[in-house]
Each structure stands twice: as C-alpha cells, then as structure tokens.
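Asks: First the structure, which I've put down as structure tokens, then a few questions once you've had a look.
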Amino acid sequence: MEKKVTYAEAILVDEIKVLNVPNDPNDLKLPKDLNDPNGPNDLKLPTRRIIVAGNRSGGVAVAAMRRWPEAEVVAHAFDYHHARAIRKRLLDEGLPARNVRCSAGVGTVGTDPMPSVGTDPMPSATADCQPFDAAFFMTTPQSMPAELVLDQLQDIHANLAEGGALYAAFEGDPDEALKTMRLVWKNVNVLKRAKHAVLFRAVKRGAPVKMRDFAATWEASVPGGEPLTFTTYPGCFCHRRPDAGGLALAEVAAREVKVESRKVKGEGGKVNDEEEGKTPFTFHPSPFTILDMGCGCGLVGLLVVDAIRRQSSILNPQSSILNPQSSITLIDSHARAIAAAKANAARAGIEAEFILSDDGLPRGRVGEYDLFVGNPPYYSDYRIAEVFLETAYRALKPGGVCLTVVKTATGLLALQEKYFRKAEVIKRRGYCVLRSVR
Ligand SMILES: C[S@@+](CC[C@H](N)C(=O)[O-])C[C@H]1O[C@@H](n2cnc3c(N)ncnc32)[C@H](O)[C@@H]1O
Numbered sequence: 101m102e103k104k105v106t107y108a109e110a111i112l113v114d115e116i117k118v119l120n121v122p123n124d125p126n127d128l129k130l131p132k133d134l135n136d137p138n139g140p141n142d143l144k145l146p147t148r149r150i151i152v153a154g155n156r157s158g159g160v161a162v163a164a165m166r167r168w169p170e171a172e173v174v175a176h177a178f179d180y181h182h183a184r185a186i187r188k189r190l191l192d193e194g195l196p197a198r199n200v201r202c203s204a205g206v207g208t209v210g211t212d213p214m215p216s217v218g219t220d221p222m223p224s225a226t227a228d229c230q231p232f233d234a235a236f237f238m239t240t241p242q243s244m245p246a247e248l249v250l251d252q253l254q255d256i257h258a259n260l261a262e263g264g265a266l267y268a269a270f271e272g273d274p275d276e277a278l279k280t281m282r283l284v285w286k287n288v289n290v291l292k293r294a295k296h297a298v299l300f301r302a303v304k305r306g307a308p309v310k311m312r313d314f315a316a317t318w319e320a321s322v323p324g325g326e327p328l329t330f331t332t333y334p335g336c337f338c339h340r341r342p343d344a345g346g347l348a349l350a351e352v353a354a355r356e357v358k359v360e361s362r363k364v365k366g367e368g369g370k371v372n373d374e375e376e377g378k379t380p381f382t383f384h385p386s387p388f389t390i391l392d393m394g395c396g397c398g399l400v401g402l403l404v405v406d407a408i409r410r411q412s413s414i415l416n417p418q419s420s421i422l423n424p425q426s427s428i429t430l431i432d433s434h435a436r437a438i439a440a441a442k443a444n445a446a447r448a449g450i451e452a453e454f455i456l457s458d459d460g461l462p463r464g465r466v467g468e469y470d471l472f473v474g475n476p477p478y479y480s481d482y483r484i485a486e487v488f489l490e491t492a493y494r495a496l497k498p499g500g501v502c503l504t505v506v507k508t509a510t511g512l513l514a515l516q517e518k519y520f521r522k523a524e525v526i527k528r529r530g531y532c533v534l535r536s537v538r
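In structure tokens form, the structure reads like this:
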C-alpha cells in the first residue's frame with residue numbers, strides 16, 4: 101500500500117536531509133537575523149537525544165535515525181495505535197524500535213518505552229528525565245486540537261536542553277501557525293514556506309514566553325449520587341466537560357448496579373425498579389467486576405464504581421465498601437486518557453487497573469467481568485466499535501451485561517447483535533444505550 105505523506109512530514113524530512121552537522125559540539129550557528137531564512141542552519145552537536153513528536157507514520161523518525169545513526173531518536177505518540185504504526189514502520193525499515201514512546205508527554209520516563217499496562221502521570225515542566233538536544237514536531241489541522249498543539253509545544257520546551265533546537269512543521273494558515281509558535285517559543289525563525297506547509301526553527305533560550313496549565317477540572321454525577329470531580333487534559337476526549345453520551349451510559353449503568361435492600365430478592369435474583377418501571381435491575385453476586393473500555397477520563401466507570409460504593413454503604417452502613425474484591429479495569433488507547441483516568445480514580449479513592457491498549461484486554465483474559473461499559477469512537481466506520489464489542493464478548497462472564505452508547509442505534513445495534521444475538525435499546529439524553537446479556 102502506498103504511504104500517505106503529509107505536507108508537514110515532507111517538509112520536515114526534507115529539512116532533516118539537508119541540516120548541517122558541524123564538528124564542534126559548541127558550534128551552534130544561528131542566523132544573525134532570526135528571520136533570515138538563508139542564514140546558516142545548523143543543529144547543535146553532539147545531538148545525542150532527539151525527540152520526534154506529532155508524526156504518526158514514523159517517517160520523520162526514520163529520516164532522523166538515518167541522518168544521525170549515533171543519536172538516540174525517541175518517537176512519541178499519544179495514541180497506542182499510532183505508536184504501534186511507528187514501531188512497525190521502524191521495524192519494516194530495519195531500524196530499532198525500542199524508543200517508540202506512548203505517553204502523556206514527551207518527557208515521561210518508563211523502563212518499558214511502550215508500556216502495555218498503565219502510564220506515568222502527566223510529566224511536569226521538570227520531568228525527571230534527560231533533556232533532548234533537538235526536537236522535530238509536526239501538526240496538521242486534523243491531527244491535533246489547538247490546545248494540544250500549545251500544550252505539546254510547552255512540553256517540548258520543558259524537555260529540551262538549553263540551546264537545543266526545535267524544528268516545527270505546521271499545515272494550514274502559516275500566519276496563525278507563527279502566532280501559535282510565538283505563544284510559547286521566543287526567537288521563532290521561519291525556515292521554509294512550502295506549498296501547504298511552513299517550517300519553523302526555534303532555539304531554547306531560558307524560559308518559554310508563557311507556561312499555561314491546560315488541564316480542566318469539572319464535576320459529574322448520576323441521579324441520586326454525589327458529584328465526582330474529573331480532570332481532563334488537551335487530547336482527552338471531550339476535554340473540559342462531560343460528554344452527554346458518556347453521561348447517558350453512566351446513568352443506565354448506575355441503574356444496572358443499583359441494589360436497594362428492600363427490593364433485593366437474593367443474590368443473583370432480579371429486582372424490579374418500581375420508580376422508573378423500565379429495565380429490571382439485576383443484583384449481581386459480588387465481587388462485582390467492571391470493564392470500562394475507551395474510558396477517556398474515567399467518566400463512566402468511575403461514576404458506576406461510585407454508585408456501587410454508595411449502594412454498598414446503604415446496605416451496610418458500617419462499611420463504605422461492601423465487597424473490597426469488587427474491581428474495575430479502565431482501558432484506553434490514548435495515553436492522556438489513561439493519565440486523566442488515573443488522576444481521577446486516585447482523587448475519588450477508587451483503586452483500579454489501567455490498561456493502555458488499542459486492542460482490548462490481553463488475549464489470555466476471558467470471562468472475568470460482570471459489566472462492560474463502552475462509548476466507542478465512530479470515526480473508523482465501526483472498525484473500532486467492533487474491537488470494543490469483540491472485547492466485551494470475550495471479557496464478560498456468562499450472564500454479564502454489555503452496555504454501549506451511540507447517537508443513532510442502527511449501525512452499532514447490528515454489530516452488537518452480531519456478538520450478543522440480542523440488544524435492547526434504552527433511550528437517554530438523546531442517545532441510545534444498547535444493552536445485551538452475554
Ligand atoms: C467517545 S470517547 C469515550 C470516553 C469516555 N468513556 C466518555 O464516555 O466520556 C472514546 C474513547 O475511546 C478511546 N479509544 C479509541 N480507540 C480505542 C481503542 N482501539 N481501544 C481503546 N480505546 C480507544 C479514545 O481515546 C476515547 O478516549
């Protein structure tokens with residue numbers, strides 16, 4: 101298959117091919133006039149550590165590794181799916197892939213560069229890692245929201261050594277791109293303007309123009325529950341507010357686990373909800389296990405665990421935890437989602453397992469869960485939604501419940517029925533929650 105190279109990738113790769121490499125390590129030549137695109141353009145050496153960010157194909161890392169074979173080139177991606185694609189590309193090109201990093205920020209340190217379980221929390225400006233000597237960053241209007249671009253420019257600044265150079269390629273309006281660069285970087289130099297892309301160079305000299313904290317904190321609750329506090333970062337799904345589809349799913353799921361002592365007929369028995377008169381609630385024998393796939397900031401899973409915790413304390417006022425063995429696993433392919441979910445679970449005092457993966461649970465894990473909740477993305481023509489449902493089917497115990505959410509039921513309904521034979525449609529907040537039993 102022919103590889104699609106974006107304009108931003110092409111301009112960066114071309115630049116890497118022609119960058120001068122002076123012999124003197126201290127010889128950092130900069131144009132006298134920083135806006136002179138014809139001035140000397142050298143990369144500071146020894147360039148031992150190079151970070152490549154924003155490039156999903158791996159093409160920029162390939163070019164940097166070929167140009168500077170002695171250097172340690174780290175290729176960063178936020179999403180595990182992209183990290184896997186980069187890794188594959190490097191291996192296909194016969195290059196080492198040990199430095200592909202899927203993490204919430206470029207400076208996150210980990211013994212496993214592509215951890216399969218969990219990530220470190222958001223790295224701060226003083227992330228505990230060796231600074232990079234040079235950075236190659238690219239962005240296209242489709243690949244990153246504006247706040248994520250700024251956040252990543254800040255993160256790169258924080259993780260670059262003093263005197264280190266950033267080469268940043270933008271697609272879209274070049275004047276807007278320059279404004280964006282200048283919000284974070286001083287001395288931004290326009291190196292090249294090509295068709296549809298512009299390339300900047302900026303050298304780190306002291307502090308950035310401004311450091312902004314782009315994290316957002318807000319509250320969400322299910323009916324009858326207390327609000328839980330959530331934090332999200334740029335790059336997280338629905339940054340700054342709860343998603344209505346996620347809330348619809350959380351509300352239906354919270355009813356699913358609802359147990360009122362006067363209504364309980366016995367472990368494993370059915371309980372009718374007199375107030376709402378809709379879905380009968382199933383009282384699941386404990387310990388209760390939940391899998392939240394595509395967890396984002398943990399909105400759905402954490403609200404459900406909190407609902408169980410509250411139920412438990414109603415049933416057993418002596419203890420706020422009815423069954424300490426109840427557990428939740430949160431999966432997402434995006435490192436910032438996992439970082440946010442981790443922070444939110446810790447704040448709520450909820451112990452959880454976190455898995456950074458684009459392929460569901462590890463293969464050997466089957467039949468572990470009582471409840472699956474998933475609010476899948478639909479941009480891939482249901483390909484990712486199918487990964488969710490395949491995981492749900494594999495992960496649930498017999499009798500376990502699968503709940504997914506979608507705006508219009510048709511497409512997902514057919515897919516869910518392919519795995520679970522039947523799916524009930526529960527309308528909520530303008531969304532359809534699809535309920536199946538394994
Ligand atoms: C629609 S959002 C739902 C987020 C959250 N559950 C909510 O309701 O607010 C979908 C989430 O799925 C994640 N995702 C996309 N592809 C995935 C995959 N293959 N495996 C796991 N998560 C994935 C995205 O990163 C995103 O966080």
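Residue numbers (our numbering): 101 to 538. For each residue, glycine too, the CB sits at the ideal point set by N, CA and C. Predicted model only: the values in this text are computed from it and were never measured.
Roughly how many angstroms lie between the CA atoms of leucine 119 and alanine 164, to the nearest whole one?
Replies: For the purposes of this step, residue 119 is taken as residue 19 along the sequence shown, with counting starting at 1. For the purposes of this step, residue 164 is taken as residue 64 along the sequence shown, with counting starting at 1. Our two residues, leucine 119 and alanine 164, have alpha carbons roughly 10 Å apart in a direct line.
Asks: Rank Val525, Met244 and Phe520 by C-alpha distance to the C-alpha of valine 505 and give the top, closest one.
Replies: By 1-based counting over the sequence shown, the position of residue 505 is 405. Nearest of Val525, Met244 and Phe520 to valine 505, Cα basis: Val525.
Asks: Where does arginine 167 fall in DSSP's three states?
Replies: Position 67 of the sequence shown holds residue 167. Three-state DSSP puts arginine 167 in a helix.
Asks: Could you have a look at glycine 158 and say whether DSSP puts it in helix, strand or coil?
Replies: As a working note, residue 158 is residue 58 in the sequence shown. Looking at glycine 158 - three-state DSSP - the assignment turns out to be coil, as it is neither helix nor strand.
Asks: Judging by CA-CA distance, which residue of Ala177, Leu515, Ala445 and Arg148 is the nearest neighbour of glycine 159?
Replies: Position 59 of the sequence shown, counted from the start, is the residue given in the question as residue 159. Ranking the options by Cα distance to glycine 159, first place goes to Ala177.
Asks: According to DSSP, cysteine 397 sits in a beta bridge with which residue or residues?
Replies: Locating residue 397 in the sequence shown gives position 297, counting from the first residue. Looking at the DSSP assignment, cysteine 397 forms no beta bridge with any residue, so it has no partner.
Asks: Looking only at DSSP bridge pairs, what is arginine 149 linked to?
Replies: Taking the sequence shown and counting its residues from 1, one reaches residue 149 at position 49. DSSP, once it has assigned bridges, lists Glu172 as partnering arginine 149.
Asks: Would you call the region 259-271 and the region 298-314 touching, i.e. three or more CB-CB distances under 8 Å?
Replies: yes
Asks: Could you check whether asparagine 475 and glycine 272 sit closer than 7 Å to each other, using their CB atoms as the reference points?
Replies: For this step, residue 272 is matched to residue 172 along the sequence shown. For this step, residue 475 is matched to residue 375 along the sequence shown. In this structure, asparagine 475 does not lie closer than 7 Å to glycine 272 by Cβ.
Asks: Run the proximity test for asparagine 444: is its beta-carbon closer than 6 Å to any non-hydrogen atom belonging to ligand 1?
Replies: Counting from 1 along the sequence shown, the entry for residue 444 is found at position 344. Placement of the Cβ of asparagine 444 at a distance of 6 Å or more from every heavy atom of ligand 1 is found.
Asks: In or out: glutamine 242 buried (at least 16 other Cβ within 10 Å) or exposed?
Replies: Locating residue 242 in the sequence shown gives position 142, counting from the first residue. Per the 10 Å Cβ criterion, exposed.
Asks: Which residue's Cα is closest to the Cα of alanine 448: Ile484, Glu319 and Tyr519?
Replies: For the purposes of this step, residue 448 is taken as the residue at position 348 of the sequence shown. Selected option, being the one with the closest Cα: Glu319.
Asks: What residues in its chain sit with their C-beta under 7 Å from that of alanine 353, if we drop five residues either side in the sequence?
Replies: Taking the sequence shown and counting its residues from 1, one reaches residue 353 at position 253. So the qualifying residues of the chain are Val400, Val404, Leu471, Val473 and Leu503.
Asks: With a 10 Å radius around its C-beta and 16 neighbouring C-beta atoms as the bar for buried, classify arginine 230 as buried or exposed.
Replies: The residue you call residue 230 lines up with position 130 of the sequence shown. A small fix is needed here, since residue 230 is glutamine in this sequence, not arginine. By the 10 Å Cβ count, glutamine 230 comes out exposed.
Asks: Alanine 183 and isoleucine 150 - do their beta-carbons sit closer together than 7 Å?
Replies: For the purposes of this step, residue 150 is identified with residue 50 of the sequence shown, where counting begins at 1. For the purposes of this step, residue 183 is identified with residue 83 of the sequence shown, where counting begins at 1. Annotated as distal: isoleucine 150 and alanine 183, with beta-carbon spacing of 7 Å or more.
Asks: Ordered along the chain, which non-local residues of its own chain (more than five positions away) have a Cβ less than 8 Å from that of phenylalanine 488?
Replies: Position 388 of the sequence shown, counted from the first residue, corresponds to residue 488. Closer than 8 Å at the Cβ level, and outside the excluded window around phenylalanine 488, lie Met393, Gly394, Gly460, Gly474, Pro476 and Thr504.
Asks: Taking the continuous beta strand (DSSP E) assigned at asparagine 475, which residues delimit it?
Replies: As a position in the sequence shown, residue 475 is number 375, starting the count at 1. It is not in any beta strand (DSSP E) - asparagine 475 carries neither H nor E in the DSSP assignment.
Asks: Taking DSSP as the reference, what is the three-state secondary structure of asparagine 138?
Replies: Mapped onto the sequence shown, residue 138 falls at position 38. Because the pLDDT of asparagine 138 is 46, which lies under 50, any placement of that residue in the model is unreliable, and the number read from its coordinates should be weighed accordingly. Coil, per DSSP.
Asks: Taking three-plus beta-carbon pairs below 8 Å as touching, is the region 280-295 in contact with the region 321-333?
Replies: Segments in contact, no.
Asks: Is cysteine 502 near ligand 1, judged by its Cβ being under 6 Å from some heavy atom?
Replies: Translated into the one-based positions of the sequence shown, residue 502 becomes position 402. False, no ligand heavy atom lies under 6 Å from that Cβ.
Asks: Is arginine 538 near alanine 348, with beta carbons less than 7 Å apart?
Replies: On the sequence shown, residue 538 is found 438 positions in, with the first residue counted as 1. On the sequence shown, residue 348 is found 248 positions in, with the first residue counted as 1. No, Cβ-Cβ distance for arginine 538 and alanine 348 is not below 7 Å.
Asks: Asparagine 475: beta carbon under 6 Å from a heavy atom of ligand 1?
Replies: The residue you call residue 475 lines up with position 375 of the sequence shown. Yes.
Asks: Answer with buried or exposed for asparagine 287, where buried requires no fewer than 16 other C-beta atoms within 10 angstroms of its C-beta.
Replies: Mapped onto the sequence shown, residue 287 falls at position 187. Here asparagine 287 is exposed, its C-beta having fewer than 16 other C-beta atoms within 10 Å.
Asks: What would DSSP say about threonine 331, mapped onto helix, strand or coil?
Replies: By one-based count along the sequence shown, residue 331 stands at place 231. In this structure, threonine 331 counts as strand in the three-state DSSP scheme.
Asks: Using the C-alpha atoms, what's the distance from methionine 311 back to alanine 161?
Replies: One-based indexing of the sequence shown puts residue 161 at position 61. One-based indexing of the sequence shown puts residue 311 at position 211. Rounded to the nearest angstrom, the two C-alpha atoms are 27 Å apart.
Asks: DSSP three-state call for lysine 188: helix, strand or coil?
Replies: The count along the sequence shown starts at 1 and reaches residue 188 at position 88. It is helical.
Asks: Would phenylalanine 236 pass as a contact of leucine 112 if the rule is Cβ separation under 7 Å?
Replies: Here residue 236 refers to the residue found at position 136 when the sequence shown is read from its first residue. Here residue 112 refers to the residue found at position 12 when the sequence shown is read from its first residue. Cβ atoms of phenylalanine 236 and leucine 112: closer than 7 Å.
Asks: Does DSSP put isoleucine 326 in a helix, in a strand, or in coil?
Replies: Position 226 of the sequence shown, counted from the start, is the residue given in the question as residue 326. Per the sequence shown, the amino acid found at residue 326 is glutamate instead of isoleucine. Coil at glutamate 326, not helix or strand.
Asks: Starting from the C-beta of alanine 443, find all residues in its chain whose C-beta is less than 6 Å away, skip the five residues before and the five after it, and write them out in chain order.
Replies: Within the sequence shown, numbered from 1, the residue matching residue 443 stands at position 343. Thr331, listed in sequence order.
Asks: Below 6 Å, is the gap between the Cβ of valine 400 and the nearest heavy atom of ligand 1?
Replies: By one-based count along the sequence shown, residue 400 stands at place 300. For valine 400, the CB falls within less than 6 Å of some heavy atom of ligand 1.
Asks: Let's see if you can read the secondary structure: which residues bound the beta strand (DSSP E) around phenylalanine 454?
Replies: Position 354 of the sequence shown, counted from the start, is the residue given in the question as residue 454. First-last of the beta strand (DSSP E) with phenylalanine 454: 453-456.
Asks: Reducing DSSP to helix, strand and coil, say where alanine 288 ends up.
Replies: Against the sequence shown, residue 288 aligns to sequence position 188. This sequence places valine at residue 288; alanine is not what is there. Looking at valine 288 - three-state DSSP - the assignment turns out to be coil, as it is neither helix nor strand.
Asks: Do you know how far the Cα of lysine 527 is from the Cα of serine 426?
Replies: On the sequence shown, position 326 is the one that residue 426 refers to. On the sequence shown, position 427 is the one that residue 527 refers to. Each residue's alpha carbon lies about 28 Å from the other.
Asks: Tell me which residues share the same chain as leucine 250 and place their Cβ nearer than 8 Å to its Cβ, disregarding the 5 neighbours each side in the sequence.
Replies: Here residue 250 refers to the residue found at position 150 of the sequence shown. Cβ neighbours of leucine 250 beyond the five flanking positions: Thr280, Leu283, Val284, Arg312, Phe314 and Pro334.
Asks: Tell me which residue opens and which closes the beta strand (DSSP E) that glycine 263 is part of.
Replies: Stepping through the sequence shown from its first residue, residue 263 is reached at position 163. 260-271 is the span of the beta strand (DSSP E), which, as asked, contains glycine 263.
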